[in-house]
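S.K.:
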Amino acid sequence: MTQKEFEERTGLKLNAEGYAEVEQIYMNTDLDKDLFCKLWIENPTALKEIERKTVLVRELYEERKSLSNFLIDQAEKWSASDLREKAISMIGDKEYIRRKLAKGYNLWSADKELLDNILRN
19 MTQKEFEERT GLKLNAEGYA EVEQIYMNTD LDKDLFCKLW IENPTALKEI
69 ERKTVLVREL YEERKSLSNF LIDQAEKWSA SDLREKAISM IGDKEYIRRK
119 LAKGYNLWSA DKELLDNILR N
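So the sequence shown is numbered by the numbering used here: it starts at 19 and just counts up by one.
#1: Of all the alpha helix (DSSP H) runs that stay within the bounds of the segment 94-132, which reach a length of 4 or more residues?
#2: With DSSP as the reference, label LYS71 as helix, strand or coil.
#3: How should TYR114 be labelled, buried or exposed, when 16 other C-beta atoms within 10 angstroms of its C-beta is the threshold for buried?
#4: Once you ignore the five residues that flank LYS118 on each side, which residues in its own chain have a CB closer than 8 Å to its CB?
#5: Quick check on the burial criterion: 16 or more other C-beta atoms within 10 angstroms. Buried or exposed for ARG102?
#6: Got a sec? Which residues, its chain only, sit under 7 Å from LEU12 by beta carbon, not counting five neighbours each side?
#7: Would THR28 and ILE68 qualify as a contact pair, given that the criterion is a beta-carbon distance under 9 Å?
#8: Once DSSP output is grouped into helix, strand and coil, what is the label at ASN87?
#9: What separation, rounded to the nearest whole angstrom, lies between the Cα atoms of GLU35 and LEU85?
#10: In angstroms, rounded to a whole number, what distance separates the CA positions of ASP51 and ARG82?
#11: Grouping DSSP H, G and I as helix and E and B as strand, with all else coil, what is GLY36?
#12: Among ALA64, PHE54, ASN135, which residue has its Cα nearest to the Cα of SER127?
#13: What whole-angstrom Cβ distance do ASP111 and LEU132 have, given they're in contact under 8 Å?
So, in structure tokens, the structure goes:
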């Protein structure tokens, strides 16, 4: 959202520094422009809480992605079916197979059965 769009939607006039704060908060949320501007006017405290939680969710998503990749790598390294199962429970069957293939890992017999079930459905 541009500064002009923000000002038109809210009726507020901001200097460049003031808009920089607005832009940072806006980019840290997944709200559409109209809802963001409405909240900016009506409840900026709620908007800051939405921003904080959105950033936290994004961080947790990246942490989960990293952890699931680690589990796939360790399951492959140690032929550990319990780590494989945990990775599948975290990211799902299809994503597990996709990541394993993307890494160039060989499919275990359990992976082949899983892939067969995925393709049948």
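Using N, Cα and C, we set each Cβ at its ideal position, and we do this for glycine too.
M.R.: Inspection of the coordinates gives the following:
#1: Listed in chain order, the alpha helix (DSSP H) elements of length 4 or more contained wholly in the segment 94-132 are 99-109, 111-120.
#2: The count along the sequence shown starts at 1 and reaches residue 71 at position 53. Helix at LYS71.
#3: If you number the sequence shown from 1, residue 114 lands on position 96. When all chains shown are included, TYR114 counts as buried.
#4: Within the sequence shown, the letter at position 100 stands for residue 118. These residues qualify, in order along the chain: ILE90, GLU94, LEU125, ASP129.
#5: As a first step, residue 102 is located in the sequence shown; it is residue number 84 there, counting from the start. By the neighbour-count rule (16 or more Cβ atoms within 10 Å), ARG102 is buried.
#6: Nothing can be reported for residue 12, as the shown portion of the chain is limited to 19 through 139.
#7: Locating residue 28 in the sequence shown gives position 10, where the first residue counts as 1. Locating residue 68 in the sequence shown gives position 50, where the first residue counts as 1. No, they are not a contact pair.
#8: On the sequence shown, position 69 is the one that residue 87 refers to. Helix, per DSSP.
#9: As a working mapping, residue 35 is identified with position 17 in the sequence shown. As a working mapping, residue 85 is identified with position 67 in the sequence shown. Going by the C-alpha atoms only, they are around 38 Å apart.
#10: Here residue 51 refers to the residue found at position 33 when the sequence shown is read from its first residue. Here residue 82 refers to the residue found at position 64 when the sequence shown is read from its first residue. For the sequence presented, residue 51 should be read as Lys rather than Asp. Looking at the backbone, the Cα of LYS51 and that of ARG82 are separated by about 29 Å.
#11: Taking the sequence shown and counting its residues from 1, the one referred to as residue 36 is at position 18. Correct three-state label for GLY36: helix.
#12: What you label residue 127 is simply residue 109 of the sequence shown in a count that begins at 1. Ranking the options by Cα distance to SER127, first place goes to ASN135.
#13: Position 93 of the sequence shown, counted from the start, is the residue given in the question as residue 111. Position 114 of the sequence shown, counted from the start, is the residue given in the question as residue 132. Correct: roughly 6 Å between the Cβ atoms.
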